[in-house]
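In the numbering used here, the protein residues as written are 64 to 390. Glycine residues also receive a C-beta, built at the ideal position from the N, C-alpha and C atoms. Please read all numbers here as calculations on a predicted model, not as lab measurements.
In C-alpha coordinates, the structure reads:
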(Lines of atoms letter the chains of each structure in order from A; the text may use other names.)
(Lines give C-alpha, C1' and ligand atoms only; values in the text may rest on other atoms or scores of the structure.)
Protein backbone atom coordinates (compact mmCIF):
# COMPACT_ATOMS: atom_id res chain seq x y z
CA UNK A 64 0.00 0.00 0.00
CA UNK A 65 1.27 3.45 -0.88
CA UNK A 66 2.35 5.90 1.84
CA UNK A 67 -0.26 8.41 2.99
CA UNK A 68 -0.58 11.76 1.22
CA UNK A 69 -1.13 14.56 3.73
CA UNK A 70 -2.27 18.09 2.85
CA UNK A 71 -1.34 20.77 5.39
CA UNK A 72 -2.57 24.34 5.03
CA UNK A 73 -1.96 27.58 6.90
CA UNK A 74 -3.14 31.15 6.31
CA UNK A 75 -1.34 34.32 5.36
CA UNK A 76 -1.43 37.29 7.80
CA UNK A 77 -4.64 39.33 7.97
CA UNK A 78 -6.20 42.32 9.75
CA UNK A 79 -3.14 44.54 9.13
CA UNK A 80 -0.80 42.05 10.82
CA UNK A 81 2.47 40.93 9.25
CA UNK A 82 2.52 37.55 11.02
CA UNK A 83 0.32 34.46 11.22
CA UNK A 84 1.55 31.54 13.32
CA UNK A 85 -0.33 29.05 11.13
CA UNK A 86 1.74 30.19 8.14
CA UNK A 87 5.00 29.79 10.06
CA UNK A 88 4.09 26.38 11.48
CA UNK A 89 3.11 25.15 8.01
CA UNK A 90 6.36 26.38 6.47
CA UNK A 91 8.50 24.93 9.26
CA UNK A 92 6.80 21.54 9.05
CA UNK A 93 7.31 21.52 5.28
CA UNK A 94 11.07 21.59 5.88
CA UNK A 95 10.96 18.26 7.75
CA UNK A 96 11.96 15.02 6.02
CA UNK A 97 9.17 12.49 6.53
CA UNK A 98 9.47 8.75 5.99
CA UNK A 99 5.95 7.83 7.14
CA UNK A 100 3.99 9.96 4.65
CA UNK A 101 4.17 12.44 1.79
CA UNK A 102 3.41 16.05 2.71
CA UNK A 103 1.92 18.75 0.50
CA UNK A 104 1.57 22.22 2.00
CA UNK A 105 -0.21 25.38 0.94
CA UNK A 106 -0.49 28.86 2.42
CA UNK A 107 -4.04 30.03 1.77
CA UNK A 108 -5.13 33.58 1.09
CA UNK A 109 -7.52 35.10 3.61
CA UNK A 110 -10.41 35.52 1.20
CA UNK A 111 -12.97 33.45 -0.67
CA UNK A 112 -10.37 32.05 -3.07
CA UNK A 113 -8.32 30.78 -0.14
CA UNK A 114 -11.39 29.34 1.54
CA UNK A 115 -12.33 27.43 -1.63
CA UNK A 116 -8.86 26.22 -2.56
CA UNK A 117 -8.79 22.86 -0.78
CA UNK A 118 -12.38 21.95 -1.65
CA UNK A 119 -11.44 22.30 -5.33
CA UNK A 120 -8.07 20.57 -5.00
CA UNK A 121 -9.37 17.39 -3.37
CA UNK A 122 -11.69 16.79 -6.34
CA UNK A 123 -8.62 16.54 -8.59
CA UNK A 124 -5.87 15.13 -6.37
CA UNK A 125 -5.90 12.27 -3.90
CA UNK A 126 -5.11 12.83 -0.24
CA UNK A 127 -5.40 10.73 2.91
CA UNK A 128 -5.55 13.51 5.50
CA UNK A 129 -6.39 17.22 5.43
CA UNK A 130 -5.05 19.42 8.22
CA UNK A 131 -6.20 23.04 8.09
CA UNK A 132 -4.29 25.36 10.43
CA UNK A 133 -5.37 28.83 11.46
CA UNK A 134 -4.69 31.37 14.19
CA UNK A 135 -7.12 32.27 16.97
CA UNK A 136 -6.48 35.22 19.26
CA UNK A 137 -8.88 33.62 21.75
CA UNK A 138 -7.07 30.28 21.95
CA UNK A 139 -4.75 29.46 24.83
CA UNK A 140 -4.38 25.83 23.78
CA UNK A 141 -4.36 24.02 20.44
CA UNK A 142 -8.03 23.89 19.48
CA UNK A 143 -9.23 20.84 17.55
CA UNK A 144 -12.35 22.13 15.80
CA UNK A 145 -15.12 19.54 15.82
CA UNK A 146 -17.43 21.21 13.30
CA UNK A 147 -17.86 23.84 10.61
CA UNK A 148 -21.00 25.98 10.55
CA UNK A 149 -22.84 27.11 7.44
CA UNK A 150 -22.45 30.70 8.58
CA UNK A 151 -20.16 33.56 7.69
CA UNK A 152 -20.35 36.82 9.61
CA UNK A 153 -17.21 38.93 9.54
CA UNK A 154 -16.14 41.23 12.35
CA UNK A 155 -13.35 42.56 10.10
CA UNK A 156 -12.72 42.65 6.37
CA UNK A 157 -10.87 39.77 4.76
CA UNK A 158 -7.83 40.42 2.59
CA UNK A 159 -9.97 40.99 -0.50
CA UNK A 160 -12.06 43.62 1.26
CA UNK A 161 -15.11 41.42 1.86
CA UNK A 162 -17.13 41.99 4.99
CA UNK A 163 -20.10 39.65 4.91
CA UNK A 164 -22.64 39.59 7.74
CA UNK A 165 -24.97 36.76 8.75
CA UNK A 166 -24.83 34.83 5.47
CA UNK A 167 -24.61 31.19 4.48
CA UNK A 168 -21.31 29.77 3.32
CA UNK A 169 -23.31 27.66 0.82
CA UNK A 170 -26.97 28.37 0.15
CA UNK A 171 -29.40 25.46 0.62
CA UNK A 172 -26.74 23.34 2.31
CA UNK A 173 -26.53 21.66 5.71
CA UNK A 174 -26.32 23.87 8.81
CA UNK A 175 -23.06 22.20 9.88
CA UNK A 176 -20.58 19.46 9.09
CA UNK A 177 -18.56 17.54 11.64
CA UNK A 178 -14.90 16.61 11.37
CA UNK A 179 -14.34 13.25 9.72
CA UNK A 180 -11.83 12.41 12.46
CA UNK A 181 -12.81 10.88 15.81
CA UNK A 182 -11.58 13.77 17.94
CA UNK A 183 -12.16 12.32 21.45
CA UNK A 184 -10.18 9.24 20.45
CA UNK A 185 -7.47 11.39 18.91
CA UNK A 186 -7.28 13.59 21.98
CA UNK A 187 -7.00 10.65 24.39
CA UNK A 188 -3.54 9.77 23.19
CA UNK A 189 -2.25 13.23 22.49
CA UNK A 190 -0.87 16.29 24.20
CA UNK A 191 -2.61 17.98 27.12
CA UNK A 192 -2.00 21.18 25.18
CA UNK A 193 -4.95 20.23 22.93
CA UNK A 194 -8.65 20.77 23.56
CA UNK A 195 -11.74 20.06 21.48
CA UNK A 196 -13.58 23.19 20.36
CA UNK A 197 -17.12 23.34 18.98
CA UNK A 198 -16.80 26.81 17.46
CA UNK A 199 -14.47 27.48 14.53
CA UNK A 200 -15.70 31.07 14.37
CA UNK A 201 -17.51 32.84 11.54
CA UNK A 202 -14.56 34.08 9.50
CA UNK A 203 -12.38 32.53 6.76
CA UNK A 204 -11.24 29.61 8.94
CA UNK A 205 -14.79 28.35 9.35
CA UNK A 206 -15.58 29.15 5.71
CA UNK A 207 -12.65 27.05 4.46
CA UNK A 208 -13.48 24.22 6.85
CA UNK A 209 -17.11 24.19 5.73
CA UNK A 210 -16.22 24.17 2.03
CA UNK A 211 -13.75 21.31 2.51
CA UNK A 212 -16.08 19.14 4.61
CA UNK A 213 -18.99 19.80 2.26
CA UNK A 214 -16.93 18.51 -0.65
CA UNK A 215 -15.79 15.43 1.29
CA UNK A 216 -19.29 14.50 2.45
CA UNK A 217 -21.20 15.27 -0.76
CA UNK A 218 -18.65 13.62 -3.05
CA UNK A 219 -17.90 10.76 -0.64
CA UNK A 220 -14.15 11.31 -0.96
CA UNK A 221 -12.24 8.46 0.69
CA UNK A 222 -8.71 7.89 1.94
CA UNK A 223 -6.47 4.90 1.15
CA UNK A 224 -8.22 2.84 3.83
CA UNK A 225 -11.67 3.45 2.35
CA UNK A 226 -12.90 5.78 5.11
CA UNK A 227 -14.23 9.30 4.59
CA UNK A 228 -11.22 11.52 4.00
CA UNK A 229 -9.97 12.56 7.48
CA UNK A 230 -10.17 16.34 7.80
CA UNK A 231 -9.77 18.71 10.72
CA UNK A 232 -9.31 22.41 11.30
CA UNK A 233 -6.88 23.30 14.09
CA UNK A 234 -6.74 26.75 15.63
CA UNK A 235 -3.31 27.59 17.00
CA UNK A 236 -2.71 29.93 19.94
CA UNK A 237 -0.06 32.60 20.25
CA UNK A 238 3.47 31.46 21.08
CA UNK A 239 3.13 33.17 24.45
CA UNK A 240 0.82 30.31 25.47
CA UNK A 241 2.56 27.39 23.72
CA UNK A 242 6.06 27.61 22.19
CA UNK A 243 6.03 27.10 18.44
CA UNK A 244 8.26 24.02 18.64
CA UNK A 245 5.70 22.38 20.94
CA UNK A 246 2.91 23.27 18.55
CA UNK A 247 4.81 21.72 15.65
CA UNK A 248 5.47 18.55 17.65
CA UNK A 249 1.79 18.24 18.54
CA UNK A 250 0.61 18.77 14.96
CA UNK A 251 2.97 16.06 13.73
CA UNK A 252 1.77 13.67 16.45
CA UNK A 253 -1.81 14.30 15.38
CA UNK A 254 -1.01 13.68 11.72
CA UNK A 255 0.76 10.40 12.50
CA UNK A 256 -2.09 9.26 14.73
CA UNK A 257 -4.55 9.79 11.88
CA UNK A 258 -2.65 8.32 8.93
CA UNK A 259 -0.43 5.61 10.45
CA UNK A 260 -2.01 2.20 10.75
CA UNK A 261 -0.31 -1.16 10.96
CA UNK A 262 -1.13 -3.01 7.74
CA UNK A 263 -1.65 -6.77 8.02
CA UNK A 264 -1.94 -9.28 5.19
CA UNK A 265 -4.32 -12.03 6.28
CA UNK A 266 -5.62 -15.22 4.68
CA UNK A 267 -8.65 -17.31 5.67
CA UNK A 268 -10.11 -20.64 4.59
CA UNK A 269 -13.60 -21.38 3.36
CA UNK A 270 -13.62 -25.09 4.16
CA UNK A 271 -16.58 -27.21 3.06
CA UNK A 272 -17.39 -30.81 4.00
CA UNK A 273 -19.12 -33.51 1.98
CA UNK A 274 -22.52 -32.04 2.95
CA UNK A 275 -21.47 -28.62 1.58
CA UNK A 276 -21.46 -27.16 5.08
CA UNK A 277 -18.90 -24.48 5.97
CA UNK A 278 -16.44 -24.67 8.87
CA UNK A 279 -16.53 -21.68 11.23
CA UNK A 280 -14.62 -21.15 14.48
CA UNK A 281 -15.14 -19.10 17.67
CA UNK A 282 -12.12 -17.27 19.07
CA UNK A 283 -11.10 -18.10 22.63
CA UNK A 284 -10.57 -15.61 25.44
CA UNK A 285 -6.85 -15.27 24.80
CA UNK A 286 -7.29 -13.96 21.25
CA UNK A 287 -8.05 -10.42 20.09
CA UNK A 288 -11.83 -10.01 19.73
CA UNK A 289 -12.61 -13.01 21.99
CA UNK A 290 -15.90 -14.78 21.42
CA UNK A 291 -16.21 -13.65 17.81
CA UNK A 292 -16.75 -16.14 15.02
CA UNK A 293 -14.44 -16.28 12.01
CA UNK A 294 -13.29 -18.29 9.06
CA UNK A 295 -10.06 -19.88 10.34
CA UNK A 296 -6.76 -18.45 9.12
CA UNK A 297 -4.31 -15.76 10.11
CA UNK A 298 -1.47 -13.39 9.25
CA UNK A 299 1.12 -14.21 6.63
CA UNK A 300 4.76 -14.40 7.62
CA UNK A 301 7.40 -12.45 5.71
CA UNK A 302 7.93 -13.83 2.17
CA UNK A 303 5.19 -16.42 2.70
CA UNK A 304 2.69 -17.10 -0.10
CA UNK A 305 -1.05 -17.12 0.58
CA UNK A 306 -1.18 -20.88 0.05
CA UNK A 307 1.77 -21.57 2.34
CA UNK A 308 0.44 -19.24 5.01
CA UNK A 309 -3.06 -20.67 4.97
CA UNK A 310 -1.89 -24.27 5.22
CA UNK A 311 0.40 -23.35 8.12
CA UNK A 312 -2.32 -21.38 9.95
CA UNK A 313 -4.95 -24.11 9.64
CA UNK A 314 -2.52 -26.72 10.92
CA UNK A 315 -1.42 -24.51 13.83
CA UNK A 316 -5.00 -23.56 14.77
CA UNK A 317 -6.90 -26.80 14.11
CA UNK A 318 -4.30 -29.53 13.48
CA UNK A 319 -5.82 -30.02 10.02
CA UNK A 320 -4.15 -30.53 6.66
CA UNK A 321 -5.96 -28.87 3.77
CA UNK A 322 -5.89 -28.66 -0.01
CA UNK A 323 -6.53 -25.20 -1.45
CA UNK A 324 -8.62 -25.01 -4.61
CA UNK A 325 -9.51 -21.45 -5.66
CA UNK A 326 -9.72 -17.88 -4.40
CA UNK A 327 -13.17 -16.98 -3.10
CA UNK A 328 -12.64 -13.23 -2.68
CA UNK A 329 -10.60 -10.32 -1.31
CA UNK A 330 -11.61 -7.58 1.12
CA UNK A 331 -10.00 -4.81 3.12
CA UNK A 332 -11.09 -3.57 6.53
CA UNK A 333 -9.99 -0.84 8.92
CA UNK A 334 -10.03 -1.66 12.61
CA UNK A 335 -9.27 0.85 15.36
CA UNK A 336 -5.52 0.25 15.37
CA UNK A 337 -4.74 -1.61 12.18
CA UNK A 338 -5.77 -2.21 8.58
CA UNK A 339 -6.13 -5.66 7.07
CA UNK A 340 -5.99 -7.00 3.54
CA UNK A 341 -7.81 -10.33 3.69
CA UNK A 342 -7.98 -13.07 1.08
CA UNK A 343 -10.53 -15.90 1.44
CA UNK A 344 -9.60 -19.17 -0.26
CA UNK A 345 -11.73 -22.24 -0.94
CA UNK A 346 -10.28 -25.35 0.64
CA UNK A 347 -11.05 -28.91 1.64
CA UNK A 348 -9.67 -31.12 4.39
CA UNK A 349 -7.47 -34.01 3.30
CA UNK A 350 -6.85 -35.37 6.80
CA UNK A 351 -9.66 -35.32 9.38
CA UNK A 352 -7.74 -37.04 12.15
CA UNK A 353 -7.51 -35.40 15.56
CA UNK A 354 -8.98 -31.92 15.12
CA UNK A 355 -7.51 -29.82 17.92
CA UNK A 356 -8.67 -26.36 19.02
CA UNK A 357 -5.58 -24.31 19.86
CA UNK A 358 -6.94 -20.75 19.59
CA UNK A 359 -10.69 -21.38 19.41
CA UNK A 360 -13.33 -22.39 21.94
CA UNK A 361 -15.48 -24.27 19.44
CA UNK A 362 -16.11 -24.97 15.78
CA UNK A 363 -19.32 -25.62 13.87
CA UNK A 364 -20.32 -26.84 10.43
CA UNK A 365 -23.12 -24.66 9.08
CA UNK A 366 -25.04 -24.02 5.89
CA UNK A 367 -24.31 -20.76 4.09
CA UNK A 368 -27.76 -19.36 4.86
CA UNK A 369 -27.03 -19.79 8.59
CA UNK A 370 -23.85 -17.68 8.58
CA UNK A 371 -25.62 -14.42 9.42
CA UNK A 372 -26.93 -15.93 12.68
CA UNK A 373 -23.50 -15.74 14.35
CA UNK A 374 -21.55 -12.92 16.03
CA UNK A 375 -18.74 -12.34 13.54
CA UNK A 376 -15.52 -10.42 13.38
CA UNK A 377 -16.25 -7.22 11.48
CA UNK A 378 -14.01 -8.03 8.52
CA UNK A 379 -15.54 -11.50 8.16
CA UNK A 380 -18.98 -9.97 7.66
CA UNK A 381 -17.71 -8.67 4.32
CA UNK A 382 -16.63 -12.20 3.42
CA UNK A 383 -20.11 -13.51 4.18
CA UNK A 384 -21.54 -11.03 1.69
CA UNK A 385 -19.14 -12.36 -0.95
CA UNK A 386 -20.00 -16.00 -0.19
CA UNK A 387 -23.75 -15.46 -0.25
CA UNK A 388 -23.61 -13.36 -3.43
CA UNK A 389 -21.64 -16.09 -5.18
CA UNK A 390 -24.25 -18.62 -4.14
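Query: Beta strand (DSSP E) runs contained entirely in the stretch 248-331, provided each spans 3 or more residues; Result: 261-270, 277-282, 296-298
Query: Secondary structure of residue 95, DSSP reduced to three states; Result: coil
Query: Secondary structure of residue 244, DSSP reduced to three states; Result: helix
Query: Whether residue 30 touches residue 313 by CB criterion (7 Å); Result: The chain is shown only over 64 to 390; residue 30 falls outside these bounds and no answer can be derived.
Query: Supposed close pair residue 106, residue 73 - CB separation, criterion 8 Å; Result: 5 Å
Query: Cβ separation of residue 177 and residue 146, assumed to be a contact under 8 Å, to the nearest whole Å; Result: 5 Å
Query: Separation of residue 121 from residue 201, as counted between CA atoms; Result: 23 Å
Query: Buried or exposed by the 16-neighbour rule on C-beta atoms within 10 Å, applied to residue 380; Result: exposed
Query: Three CB pairs or more closer than 8 Å across the stretch 246-256 and the stretch 213-220; Result: no
Query: Assigned secondary structure, residue 199 (DSSP; H/G/I helix, E/B strand, else coil); Result: coil
Query: Nearest residue (CA-CA) to residue 180, options 95, 252, 229, 280; Result: 229
Query: Where residue 234 falls, given that 16 or more other Cβ within 10 Å makes a residue buried; Result: buried
Query: Pair within 7 Å by beta-carbon distance, residue 66 and residue 95; Result: no
Query: Residue 137 burial status per 10 Å Cβ neighbour count (16 or more: buried); Result: exposed
Query: Where residue 365 falls: helix, strand or coil (DSSP); Result: strand
Query: CB of residue 276 within 7 Å of CB of residue 365, strictly; Result: yes
Query: Identified DSSP bridge partners for residue 73; Result: 106
Query: Distance, residue 128 Cα to residue 171 Cα; Result: 27 Å
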